[in-house]
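These notes concern the structure reproduced below.
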């Protein structure tokens, strides 16, 4: 016999899941500061991330069972109050972001003492929690202005996270400043775009906006709003050539921050782009098509090649990974620009697969960096013998970047090429495959140094806790698992693509 | 059920060998004996599979499904089983030889070497048993990656450069051509299964069949078709056991085997014949044969000469398929077997010469035949088989290939095959000639000849494979009978 009180609590918990998703990490952040104890702060961070991971899985289940969830914040019905709206797309990405947050929080237990001064650790964790809640908020909200607020919460805390790298390398400060400038410009553009939209429609709820801008031709206001929003979010999402802040920010920030940012931050910005494209502006397909085919797709292809080429010429592991991220974002954009169900599926599944792959690679790079106090290739020669497990995990991540069968990266590439062939775009399919050869080049360069360089440099004896290695291997196994079994990733990403295009095709 | 278990075991046991190598690495004797046992068990498993399966075509249930229509699945059929038998059988001999070779040269990193050898064999068996293009592709890439440490084994800048070319060509061709071909078939046909008679005939017209064949012929870089052949000579920086088993048998044969399998089970011989899609391939293969033989003649380094000879012989197999006649394809399949035994003998003897005398250049081998008579005799037998002299296995495959060319009414191809045989005679037998008949400089060296063979472990395996070449001449009929259902071949 279930106690009625318990069932009531459970039921109301289930009803209010959407708000817990954001609120748990958000409330934990000030609690960390209040208690001011770094041990306590870690436990709280871990707990908050853990709860929000569980919540995200429950949400995904609810969406799978009952379809799109609409949650009115504070009981105010949507057009007036803020609406949280969860469909397959954001439910899927909520799992990615909260899952990576959880893994990062475990990982940093092993490395934080080596990277962040003790007096700053509590604040570091606070910022991480704020960043997590900001990104989760961007994903979950259905309100355009609310999205802006959450985007800024995550960005502002990210600037602090990046600047914490100054403890190791003063250049982190300029990296953070660069990011601050670029991020603020992006945010400004975005909010200007929102202003235009508000002027045109008088509402800020995304689905309400979508309903009101339907009509024959988009007027100038809407076109301008679209352009501002795309550029603003493009800056946050490091769309080539708006990526210049990214390599510095990733390579100078402390490892846990780099891991979390690389695997989630740009992904969330791209999510926001996709959301605006297909849930807000879908009623003007010609405008979308013009921009996607003439601007986004060429830039995506350019990113694959140019950023990949730059990655090849890097001599620093973290920078190489950062440029590789820019090039991988290119794949996602190309997938989006097909405007087909296969293409969107490829883009969404790559958001996920690349998220875990890059997380894995940055985790390995972090441990390597701490051992050698630098991540230059020349320091890492012979690493395969000195750190066999970490090198092996890095190799798995590298193979996934290339897209070798049996790894998660292969699945994304396969679907993306399929999408290209479905459109009859032979050249693009060829470009995708050719660009993965560039990934072979930059990954293999590192592998060779690791396994065939002489192992004269032993690095510094450091004590990275077991937690870090455990998370590395969780992600390494996940990278292989999602390369062999796609029932989870493919099902949800194709559902997400279907839901997105559903609205789109109605107006077609 | 028995077959399922046996098949999985055959692929898993070499993987186990990978682990055992690292487990026993402190004790080299234990390590090498355990790998030998693993090799024997693997061979036994493949024999058992062949015995249970006969010449049926048995589809096993999917091992796991990656996405709709894409699963890793195994499929037992004569062509794959013959390939698996050769690869696993010759592995035993090569392992024995490898132990002798690596120890005599006191090579470093022996554990890594033998461990990755196991991995490569596992991948090879995976290729042999694959039931669809997707599984084939997975194991194909696994084979490429697992052989990289073997090629780069010495770690010198030469080895690194060679292995880069090796990996670069194999990965790029497979990713750009092979993969796009596979995805093209998948999006058009909706399945990637190997089926007798092919799966594409009602979907692909004349022109797109030609394009698709190009993607596969160039995409399977391991088949070393011109202009993507240069990885094979580069791979010769590897220690000789690798060249012997992998670059005369497992890797290159995995390449031509894949092409043959794709030709028979994806395109279908009949479809190739009616669309004439493979005509261009006949001429490209013929060109590769002559071109590589010419280069082989110009090489003084014995392993380089053998490598180019392999390139040329691989194109015999491609040619056999491209003829698009049942008998030509049968000759191609037969040539996989015959060439394997001949070429592994040649490589092993080349390695033995290196172990005993540290000589690699043919011009330095003057008079060596009298010092190492057994080794040179084995080399002689292997050469005769490659040339295709009767009483040796190689005669049969050449016979069927010629017959295939006659069937296809291609006089010029017959001439190409004959010229190439003459070139084989020249570049292989000239080594024997120098070894046995030329005298080393002036002076009275009659009494100085002291027989100094390579260590026993490096001597027995080439003798065994040379003997195998002779036996194959007499047992070729069995192999032909076993393979004929695949090609719908009903006898002359």
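Protein chains in written order, with this note's numbering: chain A, 81 to 588; chain B, 274 to 765.
Using N, Cα and C, we set each Cβ at its ideal position, and we do this for glycine too.
In this text the structure is predicted, and so the values were computed from the model without any measurement.
Just to confirm the assignment, what range does the alpha helix (DSSP H) spanning residue i have?
i                     : result
residue 337 (chain B) : Element bounds for residue 337 (chain B): not the alpha helix (DSSP H) but the beta strand (DSSP E), 337 to 340.
residue 471 (chain A) : 468 to 482
residue 128 (chain A) : 118 to 146
residue 479 (chain B) : 479 to 492
residue 575 (chain B) : 575 to 595
residue 509 (chain B) : Looking at the DSSP string, residue 509 (chain B) is not in any alpha helix (DSSP H), and its letter there is neither H nor E.
residue 403 (chain A) : 397 to 417
residue 386 (chain B) : 383 to 402
residue 766 (chain B) : Past the edges of chain B, shown from 274 to 765, lies residue 766 (chain B), and the structure says nothing about it.
residue 287 (chain A) : 286 to 292
Starting from the beta carbon of residue i, find every residue of chain B whose beta carbon is closer than 9 angstroms, and list them in chain order.
i                     : result
residue 509 (chain A) : 453, 456, 457
I'd like to know whether the C-beta of residue i is nearer than 8 angstroms to at least one C-beta of chain B.
i                     : result
residue 95 (chain A)  : no
residue 578 (chain A) : no
residue 469 (chain A) : no
residue 570 (chain A) : yes
residue 122 (chain A) : no
For residue i, count the other beta carbons within 10 Å of its own beta carbon; 16 or more makes it buried, fewer makes it exposed. Which is it?
i                     : result
residue 717 (chain B) : Below a pLDDT of 50, predicted positions are generally treated as unreliable, and residue 717 (chain B), at 48, falls in that range; the measurement from the model is reported next regardless. The residue is exposed, with fewer than 16 neighbouring Cβ atoms inside 10 Å.
residue 438 (chain A) : buried
residue 96 (chain A)  : exposed
residue 279 (chain A) : exposed
residue 223 (chain A) : buried
residue 118 (chain A) : buried
residue 467 (chain A) : buried
residue 157 (chain A) : exposed
residue 587 (chain A) : Here residue 587 (chain A) scores only 44 on pLDDT, less than 50, and its place in the model should not be relied on; the value that follows carries that caveat. Exposed: under 16 other Cβ atoms inside 10 Å.
residue 295 (chain B) : exposed
residue 197 (chain A) : exposed
residue 114 (chain A) : exposed
residue 286 (chain B) : buried
residue 409 (chain A) : buried
Mind checking if residue i is an interface residue toward chain A, Cβ cutoff 8 angstroms exclusive?
i                     : result
residue 446 (chain B) : no
residue 472 (chain B) : no
residue 462 (chain B) : no
residue 414 (chain B) : yes
residue 539 (chain B) : no
residue 291 (chain B) : no
residue 494 (chain B) : no
residue 478 (chain B) : no
residue 285 (chain B) : no
residue 484 (chain B) : no
At a CB-CB cut-off below 7 angstroms, which residues of chain A make contact with residue i?
i                     : result
residue 411 (chain B) : 485, 486
residue 425 (chain B) : 532
residue 428 (chain B) : 532
Could you tell me which chain B residues have their CB closer than 7 angstroms to the CB of residue i, listed as they occur along the chain?
i                     : result
residue 575 (chain A) : The contacting residues do not exist; residue 575 (chain A) stays about 14 angstroms from chain B at best.
residue 564 (chain A) : 337, 339
residue 516 (chain A) : 448
residue 589 (chain A) : Because chain A is modelled from 81 through 588, residue 589 (chain A) falls outside the range shown and cannot be assessed.
residue 501 (chain A) : 456, 457, 460
Determine the chain A residues that contact residue i at a beta-carbon separation under 9 angstroms, and present them in chain order.
i                     : result
residue 372 (chain B) : The contacting residues do not exist; residue 372 (chain B) stays about 23 angstroms from chain A at best.
residue 433 (chain B) : 528, 532
Hey, is residue i's beta-carbon within less than 8 angstroms of any beta-carbon in chain C?
i                     : result
residue 498 (chain A) : Of the chains in the structure shown, none is chain C; the protein chains are A and B.
Would you mind reading off the limits of the beta strand (DSSP E) that contains residue i?
i                     : result
residue 166 (chain A) : 163 to 166
residue 151 (chain A) : 149 to 152
residue 344 (chain B) : 343 to 345
I'd like to confirm something about residue i: is its beta-carbon nearer than 7 angstroms to some heavy atom of the ligand GTP, or not?
i                     : result
residue 746 (chain B) : The ligand GTP is not part of the structure shown, which contains no ligands of any sort.
Check your understanding: Should the region 514 to 534 of chain B be regarded as contacting the region 556 to 575 of chain B, the criterion being three or more beta carbon pairs within less than 8 angstroms?
Key -> The answer is no - the region 556 to 575 of chain B does not touch the region 514 to 534 of chain B, with fewer than three Cβ pairs under 8 angstroms.
Point to revise | Stretch-stretch touch, CB-based, cutoff 8 angstroms, three pairs: the region 406 to 417 of chain B with the region 518 to 527 of chain B | key: Contact holds: three or more Cβ-Cβ distances are below 8 angstroms.
Review point. Would the region 400 to 414 of chain B and the region 343 to 353 of chain B be scored as touching if the rule is three or more Cβ pairs under 8 angstroms?
Key: A contact exists between the region 400 to 414 of chain B and the region 343 to 353 of chain B.
Point to revise | the region 545 to 552 of chain B in contact with the region 475 to 488 of chain B per 3-pair CB rule at 8 angstroms | key: A contact exists between the region 545 to 552 of chain B and the region 475 to 488 of chain B.
Practice item. Check whether the region 428 to 435 of chain A touches the region 170 to 179 of chain A, counting contact only when three or more Cβ pairs, one atom from each stretch, lie closer than 8 angstroms. Key: Touching, per the Cβ criterion.
**Study point:** the region 329 to 341 of chain B contacting the region 691 to 711 of chain B, beta-carbon criterion three pairs below 8 angstroms
**Key:** No, the region 329 to 341 of chain B is not in contact with the region 691 to 711 of chain B.
Exercise for review: Answer yes if the region 340 to 355 of chain A comes into contact with the region 382 to 392 of chain A, meaning at least three C-beta pairs across the two stretches below 8 angstroms, and no otherwise.
Suggested key: Short answer: they don't touch.
Review point. Counting pairs of beta carbons, one from the region 322 to 333 of chain B and one from the region 349 to 363 of chain B, are three or more of them closer than 8 angstroms?
Key: Enough Cβ pairs lie closer than 8 angstroms, so yes.
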